[in-house]
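In our numbering, the protein residues as written are 35 to 150.
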């Protein structure tokens, strides 16, 4: 059952759409049950009212993109990273957090990244 929910959450969705997809799969949870599961699961994140799985694969793709872009220049705007990744649902703040959490990068102004 959890696998079905993770499959549904590969792209951001609101509670109504998640409930609809679960019902189609034969899982009849109400909105409160779904919300409880989503809030308790550390792999699921909420952004702008949309829920999705926060996967390691996405983080690795983002970090690989950052590494590749920083080969060309000493500092890059986060917007450029967004333009170069093929993953939907990541805004500047999420990308900044992923990069800073590695400890390999710093952001002088919250809008750009560079190596430490």
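Glycine residues also receive a C-beta, built at the ideal position from the N, C-alpha and C atoms. Here the structure is a predicted model, which means the values were calculated and not measured.
Exposure label - residue i; buried when at least 16 CB within 10 Å
i: residue 43; result: buried
i: residue 136; result: exposed
i: residue 39; result: buried
i: residue 67; result: exposed
i: residue 112; result: buried
i: residue 140; result: exposed
Beta-carbon proximity list for residue i, same chain, < 8 Å, skipping 5 on both sides
i: residue 109; result: 142, 146, 147 and 148
i: residue 116; result: 124, 125, 126 and 129
Limits of the alpha helix (DSSP H) - the one that residue i falls within
i: residue 52; result: 49-58
Helix, strand or coil at residue i according to DSSP, with G and I counted as helix
i: residue 114; result: helix
Own chain partners of residue i with C-beta closer than 6 Å, once the 5 adjacent residues on each side are dropped
i: residue 132; result: 93 and 96
i: residue 103; result: 110
i: residue 72; result: 78 and 85
Interface flag, residue i vs chain D, CB-CB below 9 Å
i: residue 109; result: Considering every chain present, this structure includes no chain D. It has just one protein chain.
Start-to-end residues for the beta strand (DSSP E) that takes in residue i
i: residue 149; result: 146-149
When you compare the stretch 88-105 with the stretch 117-133, are there three or more beta-carbon pairs, one atom per stretch, that lie closer than 8 Å?
Touching, yes.
Would you be able to state if there are at least three C-beta pairs under 8 Å between the stretch 45-63 and the stretch 78-90?
Taking 8 Å as the limit for Cβ pairs, the verdict is that the stretch 45-63 does touch the stretch 78-90.
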